[in-house]
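S.K.:
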Amino acid sequence: MIRCLDDLYAAVRGKETKSIAVAVAEDEAIIKLVKQAVQKGIARFILTGDEKRIIELLRQHGLEPSDFEIHDCASHKEAAERAVSLVVQGKAHLVMKGELQTALFLKALLDKEKGLRGSNLISQITVTEKPEGDGLLMFTDCAMNITPTLEEKKQLIENAVGLAMSLGYQQPKVAVLSAVEVVNPTMPDTMDAAVLSKMAERGQIANALVDGPFALDNAISVVAARQKKIGGPVAGQADIVLVPNLQVGNAIHKGLTFLSQRKVAAAVVGAKVPIVMTSRADTTDTKLYSIAIATYVS
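So for the sequence shown, UniProt numbering puts the first residue at 1; every next one is plus one.
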């Protein structure tokens, strides 16, 4: 079981080194990240984009261009499609977003004929370490799905449970988040939480304990759960927190990063392979952890 984010580095180095196809690599921040990941021994990289500029940046940062497979592409669209194609063809294990628009990257990724679309929707999972106890804590979805429906929330849970199991959590505890911890018909998120809990109880969501609604404190703090007299195996001990919408998830991700300055990784799952897709505002550590978690579970 991966109990903290730093454990990922040693765990990844103990496995086959995975190759990542980077869509639009001609960016200084991307090349710096590639250099750090290579130095840590957590991935190899295939670079797509403006070959001349990529070679120039590699040399500027003390890297030998001949150590990398580089695909010259005339446009960002072509680079995104080439990076995805490399994974489809089995020439790379993973795909990573470089310096291009997210919509353009996702269009290539989700192409029904040539992309990496999976059976579930694609979702983002923010991974940090539990403030109480031992292990990882995951929040979903913090970056992609704006206002998920009940069925989409079920898929978000399934995606997160799949990631958790890949990290060694055999029956992860899932807390469905709301502002309160009681079912209130005037608050649709609490109704969804009750339904999702019953779905898991009836086997419609497998390999997880799902309960809710929970407010954030009693989802992740045993002390808070006891003070409010909330029982059950999930209360205060969640491994996964399902947020009600993107606004809440985004605020949690940014709060962990910039207010609490906690260690954070971002995992994008639901496609045929894990995807590395971070924000320019993310810290270097977050970007490296995100690469490590994607290579570990691929």
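Here a beta-carbon is modelled for each residue, glycine too, at the ideal position from N, C-alpha and C.
1. Taking the CB atoms as reference points, tell me whether Ala193 and Gly212 lie closer together than 8 Å.
2. Beta carbon of Ala219, beta carbon of Leu256: below 8 Å?
3. Roughly how many whole angstroms lie between the Cα atoms of Asp189 and Ile125?
4. Look at Pro274 and Leu94 and say whether their C-beta atoms are less than 8 Å apart.
5. Is Ile70 helix, strand or coil by DSSP?
6. What is the DSSP secondary structure of Gly231, reduced to helix, strand or coil?
7. Excluding the five sequence neighbours on either side, which residues of its own chain have a C-beta within less than 6 Å of the C-beta of Ile122, listed in chain order?
8. Kindly indicate which three-state DSSP category Ala238 falls into: helix, strand or coil?
9. Is it true that the segment 38-57 meets the segment 69-77, where meeting means three or more beta-carbon pairs spaced less than 8 Å apart?
10. What is the DSSP secondary structure of Lys173, reduced to helix, strand or coil?
11. Give the range of the beta strand (DSSP E) segment to which Ala194 is assigned.
12. Ignore the nearest five residues each way along the sequence and tell me which others in Gly168's own chain have a CB closer than 8 Å to its CB.
13. Can you give me the start and stop residues for the beta strand (DSSP E) that Lys97 sits inside?
14. Please determine if the segment 259-267 and the segment 10-28 are in contact, where contact requires at least 3 C-beta pairs separated by less than 8 Å.
15. When we look at the beta-carbon of Ser260 and count the other beta-carbons within 10 Å, is it buried (16 or more) or exposed?
16. Which class does Arg262 belong to by DSSP, given the choice of helix, strand or coil?
17. Does DSSP put Val243 in a helix, in a strand, or in coil?
18. DSSP three-state call for Glu181: helix, strand or coil?
19. May I have the straight-line CA-CA distance separating Leu136 from Asp239, to the nearest angstrom?
20. Is the separation between the beta-carbon of Asp141 and that of Leu156 shorter than 8 Å?
21. What is the DSSP secondary structure of Asp7, reduced to helix, strand or coil?
22. Report buried or exposed for Phe45, applying the criterion of at least 16 other Cβ atoms within 10 angstroms of its Cβ.
23. Is the segment 78-87 in contact with the segment 227-237, if contact means three or more CB pairs nearer than 8 Å?
24. In the DSSP assignment, what residue or residues form a beta bridge with Val269?
25. Determine whether the beta carbon atoms of Lys154 and Met199 lie at a separation below 8 Å.
26. Please report the residue range of the alpha helix (DSSP H) in which Ala160 lies.
27. I need the DSSP call for Ile2, collapsed to helix, strand or coil.
28. Tell me whether the beta-carbon of Ile54 lies closer than 8 Å to the beta-carbon of Ala25.
29. Can you tell me which of Ser19, Gln60, Asp111, Gln237 puts its alpha carbon nearest to the alpha carbon of Lys91?
30. Can you give the beta carbon distance from Val210 to Ser221, rounded, assuming they're within the 8 Å contact cut?
31. So Phe139 packs on His253, CB below 8 Å; how close in whole Å?
32. Using three-state DSSP, classify Ile42 as helix, strand or coil.
M.R.: Judging by the given coordinates:
1. yes
2. no
3. 19 Å
4. yes
5. strand
6. coil
7. Gly270, Ala271
8. coil
9. yes
10. strand
11. First-last for Ala194: 188-201, but that is the alpha helix (DSSP H), not the beta strand (DSSP E).
12. Met1, Ile2
13. 94-97
14. no
15. exposed
16. coil
17. coil
18. coil
19. 7 Å
20. yes
21. helix
22. buried
23. no
24. Ser123
25. yes
26. 150-166
27. coil
28. yes
29. Ser19
30. Their Cβ separation, rounded to whole angstroms, is 19 Å, which puts Val210 and Ser221 out of contact at 8 Å.
31. 7 Å
32. coil
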